[in-house]
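**Student:**
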Amino acid sequence: MKLKPVHIITGFLGAGKTTFLNHFIKERLPERIFVIENECGSTNVDGGLVMAGVEEVVELSAGCLCCSLADGLLDVLAEAHKQRDQYDRMIIETTGIADPSSIVQVFLENPAVEKAYELQQVICLVDADQVEEWLKEAEEALRQVAVADVLLINKIDTVSQGKLTRVLSVLNGINPQAKVFTGENGNFPISEIMSIGTVKPETVEPSVTKSEGHQHEHGENNSHKITTFTLTFPSPLDLNHLQMDLNRIVHLYRHQVYRVKGFIAIPNYPNRVILQSARSTFIATDGTPWEDEENRDGKLVFIGRGLKKEAFERMFNRHLVEYET
4 MKLKPVHIIT GFLGAGKTTF LNHFIKERLP ERIFVIENEC GSTNVDGGLV
54 MAGVEEVVEL SAGCLCCSLA DGLLDVLAEA HKQRDQYDRM IIETTGIADP
104 SSIVQVFLEN PAVEKAYELQ QVICLVDADQ VEEWLKEAEE ALRQVAVADV
154 LLINKIDTVS QGKLTRVLSV LNGINPQAKV FTGENGNFPI SEIMSIGTVK
204 PETVEPSVTK SEGHQHEHGE NNSHKITTFT LTFPSPLDLN HLQMDLNRIV
254 HLYRHQVYRV KGFIAIPNYP NRVILQSARS TFIATDGTPW EDEENRDGKL
304 VFIGRGLKKE AFERMFNRHL VEYET
């Protein structure tokens, strides 16, 4: 059974998510798209999305997806699966104040969902003029940027080149792995965006390598103190022994660790293992094969608030094992 591709669109209030969604749907014609909209409070979703290409719109308005996700979203996904012959693709547009990592977790760790759907990427829209203020004032905005595979800087016509350069630098400081595009009125290169994936080895592995050596603390006067750093492992990790510490990270450091993403080597296994966090769990998926005679250096990028690289380095290094000779 062919898996239905899913895209998550997030972004803070007024960033232009629905405008971009309409552009996405128009560009993908004649595909039929199933849309899940999530807004807090009363909205008129259908009024904003009555256009060719929309197969069905389901509105989740009983709170944010990040809060009431388990029952509501899973129920919708189960119902949508029964109608799978009636649409080609699914898009979830989150409320502006949602933490999308909860949604990512459902698609990466729920066995029933994994058998029916394939999460393609998390797309985060930001308002070029407002994003710096959002990042100072709202934890949710920071998490949206940190979780994204793709960052779309919208409304660039409203800012100077100098401010746009500063915004690019700020976003890269928070999430150096994300692919960044700039645009106006929600218009961005859809086909290029769709080639970038949450768990696709061809996009995850190069982005993690690009981030190596990048250590940044966002905003000297910002109480959030967003930290981004890369850990490198020169030998394999014992994934079974590491599991307990991974559980510690997502539970004890849940409010500090926004995102972990990368790949590691494990003993006697020919492929990279892509490892990433999604809210309260770590997910391991298969990566590309290690090349012969290649140094199998693992790399994990951490994004969070007030994280100390040395502490995580010690935690992971005690699970390193030697290559067999």
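Heads up: the sequence shown is residues 4 to 328, going by the numbering used here.
Using N, Cα and C, we set each Cβ at its ideal position, and we do this for glycine too.
Treat the numbers as computed from the prediction; the structure is a model and nothing was measured.
Which one of N178, L249 and L278 has the shortest CA to CA distance from T231?
**Tutor:** With distances taken between Cα atoms, T231 lies closest to N178.
**Student:** Report yes if the C-beta distance between I267 and F315 is below 9 Å; otherwise report no.
**Tutor:** Contact: no.
**Student:** Three or more C-beta pairs under 8 Å: does that hold for the segment 19-34 against the segment 186-204?
**Tutor:** Contact holds: three or more Cβ-Cβ distances are below 8 Å.
**Student:** Considering only the alpha carbon of each residue, which of I229, R169 and A149 lies closest to V125?
**Tutor:** Here the closest residue by C-alpha is A149.
**Student:** Determine the closest residue to G17 out of A81, K7, E96 and L80, with distance taken between C-alpha atoms.
**Tutor:** The residue with the shortest Cα to Cα distance from G17 is E96.
**Student:** From I286 to L111, what does the alpha carbon distance come to, in whole angstroms?
**Tutor:** Going by the C-alpha atoms only, they are around 7 Å apart.
**Student:** Taking the alpha-carbon positions, what's the A181 to N271 distance?
**Tutor:** Distance between the alpha carbons of A181 and N271 is about 31 Å.
**Student:** Around the Cβ of E244, are there at least 16 other Cβ atoms within 10 angstroms (buried) or fewer (exposed)?
**Tutor:** It should be noted that the sequence gives His, not Glu, for residue 244. The residue in question, H244, is exposed, as its Cβ has fewer than 16 Cβ neighbours within 10 Å.
**Student:** So, at 6 Å on beta carbons, what are the nonlocal neighbours of S336 in its own chain, with the 5 sequence-adjacent residues on each side left out?
**Tutor:** For the chain, the structure presents residues 4 to 328; residue 336 sits outside this window and is missing.
**Student:** So what does DSSP say about H26, is it helix, strand or coil?
**Tutor:** Looking at H26 - three-state DSSP - the assignment turns out to be helix.
**Student:** Excluding the 5 residues preceding and the 5 following K312 in the sequence, name in chain order all residues of the same chain whose CB lies nearer than 8 Å to its CB.
**Tutor:** Taken in chain order, the residues that qualify are Q218, T230, F232, L234 and F305.
**Student:** On the premise that V134 lies in contact with V170, defined as a C-beta separation below 8 Å, what is that separation, rounded to the nearest angstrom?
**Tutor:** Going by Cβ atoms, the distance from V170 to V134 rounds to 6 Å, so yes, they are a contact pair.
**Student:** As a quick exercise: from E142, M318 and D91, pick the residue whose alpha carbon is nearest that of G307.
**Tutor:** Answer by Cα proximity: E142.
**Student:** Residue ranges of each alpha helix (DSSP H) run of no fewer than 4 residues wholly in the segment 92-130, ordered along the chain?
**Tutor:** Segments of the alpha helix (DSSP H) lying fully in the segment 92-130: 104-112 and 114-117.
**Student:** Mapping the DSSP letters down to three states, classify A281 as helix, strand or coil.
**Tutor:** Coil, per DSSP.
**Student:** Using CA coordinates, which residue listed in A144, K5, K20 and R92 is at the minimum distance from P33?
**Tutor:** Nearest of A144, K5, K20 and R92 to P33, Cα basis: R92.
**Student:** With DSSP run on the structure shown, which of helix, strand or coil describes A287?
**Tutor:** Here A287 sits in strand by DSSP.
**Student:** If you compare alpha carbons, which of V153, K213, Y90 and V109 is closest to G75?
**Tutor:** Minimum Cα distance to G75 is reached at V109.
**Student:** To which residues of the same chain is R317 closer than 6 Å at the C-beta, ignoring the five residues directly before and after it?
**Tutor:** Counting only Cβ-Cβ distances below 6 Å, and skipping sequence neighbours, we find nothing.
**Student:** By a C-beta neighbour count over all protein chains shown, 10 Å radius and 16 as the cutoff for buried, is T13 buried or exposed?
**Tutor:** Classification of T13: buried, given that the 10 Å Cβ count is 16 or more.
**Student:** With DSSP run on the structure shown, which of helix, strand or coil describes V260?
**Tutor:** Strand at V260.
**Student:** Are the Cβ atoms of I94 and I159 separated by less than 9 Å?
**Tutor:** For I94 and I159, no; Cβs fall outside 9 Å.
**Student:** Can you grab the Cα-Cα spacing for the pair P8 / E121, in whole Å?
**Tutor:** About 5 Å.
**Student:** Any idea which residues DSSP pairs L323 with across the strands?
**Tutor:** L323 pairs with L240.
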